[in-house]
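Encoded as C-alpha cells, the structure appears first; notes follow it.
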Amino acid sequence: MATNITFHPGSVTASERATLLGQKGITIWLTGLSASGKSTIATALEQHLLHLKHFAYRLDGDNIRFGLNKDLGF
Numbered sequence: 001m002a003t004n005i006t007f008h009p010g011s012v013t014a015s016e017r018a019t020l021l022g023q024k025g026i027t028i029w030l031t032g033l034s035a036s037g038k039s040t041i042a043t044a045l046e047q048h049l050l051h052l053k054h055f056a057y058r059l060d061g062d063n064i065r066f067g068l069n070k071d072l073g074f
C-alpha cells in the first residue's frame with residue numbers, strides 16, 4: 001500500500017450534514033452481470049428519490065471510465 005497518501009477529513013461531519021440536509025446519507029451499490037439492467041435501475045431509483053424530494057446522485061461506473069478513470073485500462 002502507498003505510504004504517501006494522507007487522509008483529509010471534511011469540514012462537515014456526517015451528523016452535521018444529515019442535520020443540514022434533513023436526511024441521512026446512504027450508499028446503494030448495484031452489482032450484476034454486464035447488461036443486466038444495473039444502470040437502468042439506478043437511473044429509475046435516482047429519479048424516484050428526487051421526485052420524493054430526497055437528495056440523490058447516481059455515480060455510474062460506465063461514465064466514470066470515460067473521465068476520472070479513463071487511463072486505467074478497464
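1 is the number of the first residue of the sequence shown in the UniProt record's numbering; add one for each residue after it. Ideal Cβ placement from N, Cα and C applies to all residues, glycine included. Since this is a predicted model, take the numbers as computed values, not measurements.
Quick one: grab the DSSP three-state call for residue i.
{"i": "Gly32", "result": "coil"}
{"i": "Ser11", "result": "coil"}
{"i": "Ala42", "result": "helix"}
{"i": "Gly61", "result": "helix"}
What's the gap between the Cα of residue i and the Cα of residue j?
{"i": "residue 96", "j": "Asp60", "result": "No statement about residue 96 is possible, as the shown extent of the chain runs from 1 to 74 and does not include it."}
{"i": "Asp62", "j": "Ser15", "result": "31 Å"}
{"i": "Lys24", "j": "Ala35", "result": "31 Å"}
{"i": "Thr43", "j": "His54", "result": "14 Å"}
{"i": "Pro9", "j": "Thr40", "result": "33 Å"}
{"i": "Gly22", "j": "Leu30", "result": "25 Å"}
What do you reckon, is the C-beta of residue i under 7 Å from a heavy atom of the ligand FMN?
{"i": "Lys24", "result": "For the ligand FMN, the structure offers nothing, since it holds no ligand at all."}
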